[in-house]
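A quick write-up on the structure given underneath.
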DNA sequence: TGCTGAAGTAAAGTTTGCTTTACATTATGC
DNA sequence: GCATAATGTAAAGCAAACTTTACTTCAGCA
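Residue numbers (full-length UniProt numbering), protein chains in the order written: chain A, 1 to 65; chain B, 1 to 65.
Laid out in structure tokens, this is it:
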């Protein structure tokens, strides 16, 4: 599932480390989600939406598999 | 994470079995998510939003932990 | 009565999300 | 040159999502 976290994070001038801290996860988790290694859990997706100030549907591409 | 899947499913007159088939998961998964045993993955949450014709934020309560 | 559909619980097992640790690369600045 | 910050990869291990199977309960109906 593709996402625009990297772009949104950079717009907010947040490092991966800073975003990880805001989300309460490790830096590896941020890297892995940004690079598409895996999808975040639903609670984490909601936190991302709150931290990045964007609706979930705007952060993730709902394209089908 | 609380959700309104059961109510939305019943409004659409879908059985758990029918919803599971539409989502491409097992009936157990539908039961477990409806009853709050665990949260769906993000891809599954998107499928739920599509099948139930409601935005993710309307299906799940984003209350903080 | 007994059958069938819908909803529910439980347990074992696989897959995926997440953590922790360690190491590599690139850029900035002393 | 050396240190530090930011990004990235990889691997081992734990936790949560999901599957499969099996069993239970309740309602409706012939």
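No residue lacks a Cβ here, since even glycine has one placed at the ideal position from N, Cα and C.
Integer Cβ distance of residue 23 (chain A) from residue 40 (chain B), believed to fall under 8 Å: Within the first chain, residue 23 (chain A) is the residue found at index 23, counting from 1. Within the second chain, residue 40 (chain B) is the residue found at index 40, counting from 1. Incorrect: roughly 19 Å between the Cβ atoms, too far for contact.
Between the segment 26 to 57 of chain B and chain A, which residues of the former have CB atoms less than 9 Å from a CB of the latter, in chain order? 39, 40, 41, 42, 43, 44, 45, 46, 47, 49, 50, 55, 56 and 57
Interface residues of chain A around residue 62 (chain B) at Cβ under 7 Å? Looking up residue 62 (chain B) in the second chain gives position 62. Within chain A, the residues near residue 62 (chain B) are 46.
Run the CB neighbour count on residue 12 (chain B), radius 10 Å, all protein chains shown included, and call it buried at 16 or more, exposed below. As a first step, residue 12 (chain B) must be located in the second chain, where it is residue number 12. So residue 12 (chain B) ends up on the exposed side.
To the nearest angstrom, how far is it from the Cα of residue 9 (chain B) to the Cα of residue 18 (chain B)? Looking up residue 9 (chain B) in the second chain gives position 9. Looking up residue 18 (chain B) in the second chain gives position 18. Taking the straight line from one Cα to the other gives about 10 Å.
Using 10 angstroms around the beta-carbon of residue 56 (chain B), count the other beta-carbons present and answer buried if the total reaches 16, otherwise exposed. What you label residue 56 (chain B) is simply residue 56 of the second chain in a count that begins at 1. So residue 56 (chain B) counts as buried.
Hey, could you find the ends of the alpha helix (DSSP H) residue 42 (chain A) is sitting in? Translated into the one-based positions of the first chain, residue 42 (chain A) becomes position 42. Element bounds for residue 42 (chain A): 42 to 52.
Determine whether the beta carbon atoms of residue 16 (chain A) and residue 25 (chain A) lie at a separation below 8 Å. The sequence position of residue 16 (chain A) within the first chain is 16, counting from 1. The sequence position of residue 25 (chain A) within the first chain is 25, counting from 1. It is not a contact, given that the beta carbons lie outside the stated cut-off.
For residue 65 (chain B), name the three-state secondary structure that DSSP assigns. Here residue 65 (chain B) is taken as the residue at index 65 of the second chain, counted from 1. Interpretation of residue 65 (chain B) is limited by its pLDDT of 46, a score under 50 that renders its predicted location unreliable; the figure taken from the coordinates is listed afterwards. If DSSP states are grouped into helix, strand and coil, residue 65 (chain B) belongs with coil.
State the Cα-Cα distance for the pair residue 36 (chain A) and residue 21 (chain A), rounded to the nearest angstrom. Within the first chain, residue 36 (chain A) is the residue found at index 36, counting from 1. Within the first chain, residue 21 (chain A) is the residue found at index 21, counting from 1. Taking the straight line from one Cα to the other gives about 20 Å.
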